[in-house]
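Read through the structure below, which is laid out as structure tokens, and then see the notes.
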Amino acid sequence: MFTGIIQCLGLVETISSAGSQSRFRIHPLVPFENLQDGESIAVNGACLSVECHDSGAFCAYASQETLSHTNLGDLHPGIKVNLERALAMGDRLGGHLVSGHVDCVATISEMEKRGESLRFRIAFPREFATQIINRGSVALDGISLTVTACGDNYLDVNIIPDSQLRTNVFSWRRGGRLNMETDLIGKYVDRILRQKRPDDQKMGRSGLCGQGIDLEFLRKNGFA
195 MFTGIIQCLG
205 LVETISSAGS
215 QSRFRIHPLV
225 PFENLQDGES
235 IAVNGACLSV
245 ECHDSGAFCA
255 YASQETLSHT
265 NLGDLHPGIK
275 VNLERALAMG
285 DRLGGHLVSG
295 HVDCVATISE
305 MEKRGESLRF
315 RIAFPREFAT
325 QIINRGSVAL
335 DGISLTVTAC
345 GDNYLDVNII
355 PDSQLRTNVF
365 SWRRGGRLNM
375 ETDLIGKYVD
385 RILRQKRPDD
395 QKMGRSGLCG
405 QGIDLEFLRK
415 NGFA
């Protein structure tokens, strides 16, 4: 489990690919103390396991499944990635709960400077629209961000100066691909509602917005 608060950037030193799988050697630009083989590290928001470490760098393996659902396959030696070690009990939860399980690869469609901040519009597959809400949380390349606006296939985020300095946002460009993870709690709510809707619709209860949510549904689920 992670928080989306990037601890440091890491330099990709080498990539060893074999077929549809890859092994990365990454050097954190801020030393990780007491790094252990087998521990989890989020690399651009994708949870990977440390296989070995030496001279301040660590190696991590990415399977075909991981490469097909993330932007890790776009990496090359010399590029910088966002790094976050797993949350420890007692740590401050500065961002939001992030699992490191990337839902999709989203695309930067717009970017503009607003004062010292940067606004990005991010396009994503419509199937994830029900898991994105205005003023909710989203992780992009592992960075915990607040959604400032959203639609059926896009969301906007505002990147403050501190985040620009501490993360790989400096390399984001229009057309760039980002790992996107929607809010963990939102996923469970979305699944519950999807399971409820077919029965509600069969019984003719359209509910609010035609989505099978009414006062009876709320009472049964402890909300009214």
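According to this note's numbering, the sequence shown is numbered sequentially starting from 195. Where a beta carbon is used, it is the ideal one built from N, C-alpha and C, also for glycine.
W366 to S293 span [Cα, whole Å] = One alpha carbon belongs to W366, the other to S293, and they sit about 23 Å apart.
So, is V296 buried or exposed, given that buried needs 16 or more other C-beta atoms within 10 angstroms?
-> buried
Shortest alpha-carbon distance to R368 belongs to which of I316, L334, C253?
-> I316
Three-state secondary structure (DSSP) of T342 = Strand at T342.
Can you grab the Cα-Cα spacing for the pair S331 / G213, in whole Å?
-> 35 Å
Leaving out five residues on either side along the sequence, give the residues of the same chain with a beta carbon under 6 Å from the beta carbon of A333.
-> G198, G239, V292, E375
For E441, three-class secondary structure by DSSP = No answer is possible for residue 441: it lies beyond the span of the chain, which begins at 195 and ends at 418.
Mind reading off the beta-carbon distance from A280 to F226? Whole number of angstroms is fine, and I expect it under 8 Å.
-> Going by Cβ atoms, the distance from A280 to F226 rounds to 11 Å, so no, they are not a contact pair.
Alpha-carbon to alpha-carbon, I200 and N362 | 10 Å
Compute the distance between the beta-carbons of V275 and R371, then report whether it is under 8 Å.
-> no
Three-state secondary structure (DSSP) at I354?
-> coil
Do E207 and I220 come within 8 Å of each other at the CB atom, strictly closer than that value?
-> Their beta carbons are under 8 Å apart, which means I220 touches E207 by this criterion.
Taking C-alpha atoms, which residue in D285, S211, A236 lies nearest to H270?
-> Of the listed residues, the one whose Cα sits closest to H270 is S211.
Closer than 7 Å by C-beta to Q325: which residues in its own chain qualify, once you throw out the five before and the five after it? Chain order, please.
-> T376, D377, G380, K381, D384
Identify the residues that DSSP records as bridge partners of D248: which are they?
-> A251
Rounded to whole angstroms, what's the CA-CA distance from S249 to E278? Just pull it up for me.
-> Rounded to whole angstroms, S249 to E278 spans 19 Å at the Cα level.
Regarding P355 and the ligand COA, is the C-beta to nearest heavy atom distance less than 7 Å?
-> What this structure holds is no ligand at all, so the ligand COA is not there to describe.
The alpha helix (DSSP H) spanning S331 covers which residue range?
-> Not the alpha helix (DSSP H): S331 falls in the beta strand (DSSP E), residues 331 to 334.
Mind checking which residues open and close the beta strand (DSSP E) that includes T376?
-> 371 to 376
Give the C-beta separation of C202 and P222 to the nearest angstrom, bearing in mind that I take them to be a contact with Cβ-Cβ under 8 Å.
-> At roughly 5 Å, the Cβ-Cβ gap stays under 8 Å, so C202 and P222 are in contact.
So E304 packs on F314, CB below 8 Å; how close in whole Å?
-> 7 Å
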